[in-house]
Amino acid sequence: MLLASVEYARPRSLDEALSLLAANPNARALAGGQTLINVMKARIAAPELLVDLNDVPELRGIRETDDGLELGAMVTYTQLARAEEVHRERPILAEVAAQIADVQVRNRGTVGGNVCSNDPTNHLPPVLVAVGATMAIAGASGIRLVPAEEFFLGVYLTAVGPGELLTGISVPRRQGGDGFASVTIGADGTCIANAAASVNGDVRVVLGCVAATPVVVEAPSADDEAVRKAVAGAELDPPSDIHAPAEYRRQLAGVLAARAARQAREEAA
Amino acid sequence: MSEPVAQKTISVEVNGTTYEREVEARRLLVHFLRDDLDLTGTHVGCDTGNCGACSVIVDGTLLKSCMMLAIQADGASIETVEGLGADGELNPLQQAFGEHHALQCGYCTPGMLMSAKALLDENPEPTEGEIRRAIQGNICRCTGYVNIVEAIAAAAEAGR
Amino acid sequence: MTETATPTSALVVEEQETRPGFIGTSVPRKEDRRLVQGEGVFFDDVKRYGMGFVHFVRSPYAHAKIKSIDVARALELKDVYGTLTGDEVAILTDPFFEMSVPPGSEIKDYALAVGKTRFVGEPVAAVVAATRELARDAAELVEVEYEPLDPLVDARRAQDSDAPILHEDAGSNVVWEGVFDWGDWEGTVAEADRIVRIKELHFDRFSSTPLECSGCLVEFNRGTGQWTMYCNHQMPGIGAIWMAPALRVGTDKLRFVTQDIGGAFGNKICLHPYFVACCLLARKLNRPVQWTEWRTDQHTANAHGNERWFEETEVAVKADGTLLGFKTHAIDDCGAFPRYEPLGCIIWAQVTPGCYRWQNVYVDFTQVATNKSPVSPNRGYSRMQHLWFTERVIDIVANELGLDPVDVRKRNYVKADEFPWTTPNGCVYDSGDYARCLDIALELVGYDGIDKRRRDAESRGKLLGIGIGSTLDSGTNNFGQSQLLNPELQFSGNNEVATVKLDIFGEVVVTLGTVPQGQGHETTAAQVVADALGISPDDVTVRPGHDTYWNSHAGFSGTYASQFAVTGLGAVKGAVDQLAGEIRTIAAAVLGGVPEDAVVLEGGFAKLRENPEAAIPFMGIGAIVNANNAILPEEARHVTLNCRYVYVPPFEVPDTERKYGNLTLTYASQIHVCVLEVDPETGAYEIVDYAAVDDCGNRIHPQIVEGQVHGATAQALGAATHETFTYDEQGNLLTPNFYDYHVPHALDMPPLKTGYIESPSPFTSLGAKGMGEGGGAGIHAVCAALQDALRPVGNPIVYDSCNPPHRVWELISNPAESRGRISVESR
Ligand SMILES: Cc1cc2nc3c(=O)[nH]c(=O)nc-3n(C[C@H](O)[C@H](O)[C@H](O)COP(=O)(O)OP(=O)(O)OC[C@H]3O[C@@H](n4cnc5c(N)ncnc54)[C@H](O)[C@@H]3O)c2cc1C
Ligand code: FES
Ligand code: FES
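Below is the structure:
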């Protein structure tokens, strides 16, 4: 419950935030704090410096673009769940954001924090891969764009390198339909397994909680059988834990993939 | 340029009173309220951000004060359970919690009341489902929630 | 998210008997005003000048030798006040008293680990510093060298020849063992038409996990040698019995003070090791010290409920479903130290045959120590495990013999006209009507239409199941049962204290011995006092909490074992009746020497029955006795208006040879019915309908009673669906906080329907029965409903008390595994 000593800075611009991070290899960005402060309470993480992103204007806001949406990294789940633009352009994001944890966590937790922490049980990574999002990462040498599929590298590990920040996520406008399904620990709890799907001619199913990073499965069609078969063929090797033995996660992966695909299929129709 | 600091004198308004205190950067907002300001109505029930006993409203946003640093609240305006009633009078929510036996040990109550307040501020006519969703981040180990949900519905009714 | 239906409205099935006065009505709770304003005082709210914060250094190993502890680096930190280690504790204190007979009695339990650690999280040293954070920094600098040993995690392996031994002094992992043999098991087997055999059932570890964790602020008074603990110990009387001898002082040197407690449920009974460490630190450092337990500490190293295995059970049944008897081997896992144990080895016997007329029972009971957190009497203590077992047996028997679970229950329940009913071990069930409660519960969930709902669920790809949980809440212990464990123990009976006084300005002030944690004692005590004195509860001040200085407690004081309505209010009633008599004495004397029974108490006055004009206000009476007593005649001068009463229930010492006798005074009953729908593809399930019917005799405050039913039910549903303290093979707890230990949220709770009947207890002054612990019925009902739901998919047997989705899926995907646990022999 009690944090180790730490320094704190509250930059007012992206440049300032980047230079604070660059100056101290043991600095960490602080977004909503809904993960980071908890791991600091457990003293699993003990950074020397917290760079609070809450006053960085470049990371804020939701914008509608020609192709879809631009989400600032500091957009909260509550904002995502409520924004009219999101309901218009890619409603699955709002639907899923509204299922994350509880009101208080949704009021603080951010899109950027959710993907940068890349906890394999988090809701957003599989969804963003399924919808074909692109991540914008800023560093000393400017901004680079990384497709969501290549963004997640390992448990708690992403393409955001030392001294870099995720600034925003662009999400293409919905063409077909999207779906999401999960089995959680209690209502709206942590995911035991989840799956996101996007159907637009081709079928893209992305599984969460079954590996260190979201697993992409391409199915020839969106009907239940085809999807289940594709998942079965993916040779998943999911982790075992107190909530689910590997065998059970494998079962859920197939079931949830089919359900997510069904939702996407029906939405697309 | 904002310089990194290990401690700082912060100025925070809580329930209309402004406090200035020096805090270490690592101090959690909940401990600042409880230990430094002696506002002990806000409680701690977990160490993982799950229980909501520490819920307060910061600049209009309901949040769990065990997942925010006190130093982040510099310049903020905070509402806690102590500020709910005016001059010792109970507000309709507090009144309804008593009438509907929405508390037993009362340990979850301050956080629960803050979540209920945040709900009613925004949605004065919530359905039962909306009430349950609004307090999902607040654990109560005593009541089974039945009477809490009733009390919030009754307070909403009374406020209409 | 499902929108849930409208919440509870109590189904009133009994024309409420009209009782004059406040008893039986839901008056506003006195506690609430301060609590809704955030003005309660919980232990962690108390501050003292110069206080230091305690942080415990805890073992990362389940089982290890402590080779060395070095605190030097911690002490070098600025503003670190001092440390304490196990070596010091071993010198400064004696081991805590153990209740068991050998070998269990040889166990040495100290405030900190001495020489060895026996569970992950066990405190091995303590550090005190100026801030909470700093204390933790310093604790991280304490260097402990461990030599890891093999841990013992599975209680069933505890007696294997190669099992690691936790307590070398005891030389065995057995804490206690004994055989309970009532009736005639051999004869029963001969009489039976069927013997149903159940290889293994498992009641999982969990606990009620009160929202407030434990802690204390301890001051040591050098001048008097006395410690004051502002704390949340729920049973200070027993706490002092443990602590004082260990600290080598009398109990007069220990003062416990509590005001508000954030729930306890039995989990705050075994705090003495932590408190002793804090007492030693306060004395050593000569400053107040404060210890706050955090959630992860509480889950790993404070108090779990008992885990229990039932091996090789045999049930003797007639073909028509008449239950004759059962035999089982129970293995109870009490974790690393017995503490309140082995009392749990006998407490279950309060409800030996459950709600049923079983006459022949054979239980071979063994309690063992393992490298896990110690246990404590968690809500429903020991009876819950046993009642879950009896309910599982009923449903398994019904399932295997093709009988209707409702019929089997009704055929075997103790019948309404059979009370008081004596169980095969001499317990006396006071009153009740289980079959009627079951009917009401079934009606509440619309049992008649259940087949239609089953088909409807099926059409949506779901499996619907309905299950019953019948349970008893035995209240007011006869501590004589401890002698069944250890005939040398000098415990028997029970007691509780209350003091009621009339003060100088007419204030009516009540102090209780109980240590409430949300049960509304201030309110119900005020109701009883108000009725006896003819005033309103608003005119009565009940001091919140507990203070040893009030001298309003006795050896068994506390809030536990569902007894307040009987012992606590019995004491209040005794004290206020005395006070009423004294008020009459003074009034009779002052109003002209009339007989006392000519005086009535009404509206804050003592009046003459025949001439209400002749009246004296309570204020006058208070003033005369306290400040103007020279005017009193000699025969009224003994009056103090400060009446202390000790309630002692009518118990006898049980027969230790036969393990026979009455172990509890009252038996409230709860019948729950659960309807759920299982998603067969995922094993996830949702409770779609739920009814809880309660009978706790006369209800003093119906709203509080109903609140207890809701809360206990929520805890049971949590335990049935998610809550488990599961360990890995190394003895690490896998659910060490609310992140992985999922307790029910508002969205997890189904709509609850409640009903009640009132079967007054013939054995208590108010006709009331203790209640609050009967919610365990929810665990039984969920297990039964799951088994019912899964019948079409291979008819698996629900063998564990906790069934999260993955376990349900395992039952579905491999029914043969659980079916292999069962066999039926026809004779
Ligand atoms: C009780 C509870 C339940 C929860 N349940 C769920 C759940 O069911 N599903 C779910 O998905 N999540 C859940 N969460 C986690 C929650 O979603 C967190 O908000 C999220 O994981 C982290 O977001 P954050 O904004 O709080 O980030 P922080 O905690 O502030 O940061 C997380 C990490 O990301 C890094 N980071 C943050 N922003 C950036 C950036 N812009 N650029 C580079 N690095 C960055 C930080 O340095 C840190 O390492 C839960 C949290 C709690 C407390
Ligand atoms: S103490 Fe903040 S959520 Fe539990
Ligand atoms: S009233 Fe005790 S935790 Fe809610």
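In order, the protein sequences belong to chains H, A and Z.
The opening residue of the first sequence carries number 2 in my numbering; numbering runs sequentially from there.
The opening residue of the second sequence carries number -14 in my numbering; numbering runs sequentially from there.
The opening residue of the third sequence carries number 66 in my numbering; numbering runs sequentially from there.
Glycine included, each C-beta is placed from N, C-alpha and C at the ideal position.
Check: Is Ile101(H) near ligand 1 - that is, is its Cβ less than 7 Å away from at least one heavy atom of it?; Outcome: yes
Check: Tell me, which residues are paired with Tyr478(Z) by DSSP?; Outcome: Tyr421(Z)
Check: Does any residue of chain Z have a CB that is nearer than 8 Å to the CB of Asp32(A)?; Outcome: yes
Check: At a cut-off of 7 Å, would you count Val179(Z) as near ligand 2, judging by its Cβ distance to the nearest heavy atom?; Outcome: no
Check: How would you list, in chain order, the residues of chain H whose beta-carbon sits under 8 Å from the beta-carbon of Thr46(A)?; Outcome: Asn108 and Arg109
Check: Quick one: list the residues of chain H neighbouring Glu(-12)(A), beta-carbon separation under 8 Å, in chain order.; Outcome: Ala10
Check: Kindly say whether Asn802(Z), judged by its beta-carbon, lies nearer than 8 Å to any beta-carbon of chain A.; Outcome: yes
Check: Note the first and the last residue of the continuous alpha helix (DSSP H) segment covering Met684(Z).; Outcome: Phe683 to Ala692
Check: Is Tyr211(Z) near ligand 3, judged by its Cβ being under 7 Å from some heavy atom?; Outcome: no
Check: State yes or no: is the C-beta of Ala38(A) nearer than 7 Å to some heavy atom of ligand 2?; Outcome: yes
Check: Please report the distance separating the alpha-carbon of Trp356(Z) from that of Phe340(Z).; Outcome: 9 Å
Check: Taking 8 Å as the CB-CB cut-off, is Asp325(Z) touching chain A?; Outcome: yes
Check: With a threshold of 8 Å between beta carbons, is Leu1(H) in contact with chain Z?; Outcome: Since the first and last residues shown for chain H are 2 and 270, residue 1(H) lies out of range.
Check: Roughly how far, in whole angstroms, is the beta-carbon of Leu893(Z) from the beta-carbon of Val593(Z), given that I think they are within contact range, below 8 Å?; Outcome: Residue 893(Z) falls outside the range modelled here, since chain Z spans only 66 to 892, and no answer is possible.
Check: So, is Glu890(Z) buried or exposed, given that buried needs 16 or more other C-beta atoms within 10 angstroms?; Outcome: exposed
Check: Does any CB atom of chain Z fall closer than 8 Å to the CB of Leu98(A)?; Outcome: yes
Check: By DSSP, does Cys739(Z) sit in helix, in strand, or in coil?; Outcome: strand
Check: I want to verify the contact list: residues of chain Z whose CB lies under 7 Å from the CB of Tyr4(A), in sequence order.; Outcome: Result: empty, since nearest Cβ-Cβ is about 16 Å, beyond 7 Å.
Check: Any residues whose CB sits closer than 5 Å to a heavy atom of ligand 3? List them in chain order?; Outcome: Leu88(A), Gln89(A), Cys90(A), Tyr92(A), Cys93(A), Cys125(A), Arg126(A), Cys127(A), Leu276(Z) and Gly328(Z)
Check: Quick check on the DSSP output: what are the complete alpha helix (DSSP H) runs of length 4 or more inside the stretch 340 to 386 of chain Z, in order along the chain?; Outcome: 360 to 366
Check: Assuming contact is defined by CB atoms lying nearer than 8 Å, are Leu18(A) and Ser50(A) in contact in what I supplied?; Outcome: yes
Check: Quick check: Glu788(Z) and Gly445(Z), are their CB atoms within less than 8 Å of each other?; Outcome: no
Check: Kindly identify the DSSP beta-bridge partner or partners of Trp241(Z).; Outcome: Gln432(Z)
Check: Would the C-beta of Ser524(Z) count as close to ligand 1, meaning under 7 Å from any of its heavy atoms?; Outcome: no
Check: Taking contact to mean 3 or more Cβ pairs, one atom from each stretch, closer than 8 Å, check whether the stretch 199 to 211 of chain Z and the stretch 133 to 144 of chain Z are in contact.; Outcome: yes
Check: By how many angstroms is the C-alpha of Ala191(Z) removed from the C-alpha of Glu210(Z)?; Outcome: 16 Å
Check: Using a cut-off of 7 Å between C-beta atoms, extract the partners of Pro95(A) located in chain Z.; Outcome: Gly103
Check: Among Thr650(Z), Val322(Z) and Glu700(Z), which residue has its Cα nearest to the Cα of Phe683(Z)?; Outcome: Thr650(Z)
Check: For Lys10(Z), is the beta carbon positioned less than 7 Å from some heavy atom of ligand 2?; Outcome: Here chain Z has residues from 66 to 892 only, and residue 10(Z) is not among them.
Check: Our contact map puts Gln852(Z) next to Asn543(Z) with C-beta atoms below 8 Å; I'd like the distance itself, whole angstroms only.; Outcome: No, Gln852(Z) and Asn543(Z) are not in contact; Cβ-Cβ is about 35 Å, not under 8 Å.
Check: Rank Val380(Z), Gly571(Z), Val154(Z) and His369(Z) by C-alpha distance to the C-alpha of Leu644(Z) and give the top, closest one.; Outcome: Gly571(Z)
Check: Does the beta carbon of Val66(A) sit closer than 8 Å to a beta carbon anywhere in chain Z?; Outcome: yes
Check: Report, in whole angstroms, the separation of the C-beta atoms of Pro126(H) and Pro215(H), which I expect to be a contact under 8 Å.; Outcome: 5 Å
Check: In whole angstroms, give me the CA-to-CA distance for Asp513(Z) and Leu507(Z).; Outcome: 8 Å
Check: According to DSSP, is Met294(Z) part of a helix, a strand, or is it coil?; Outcome: strand
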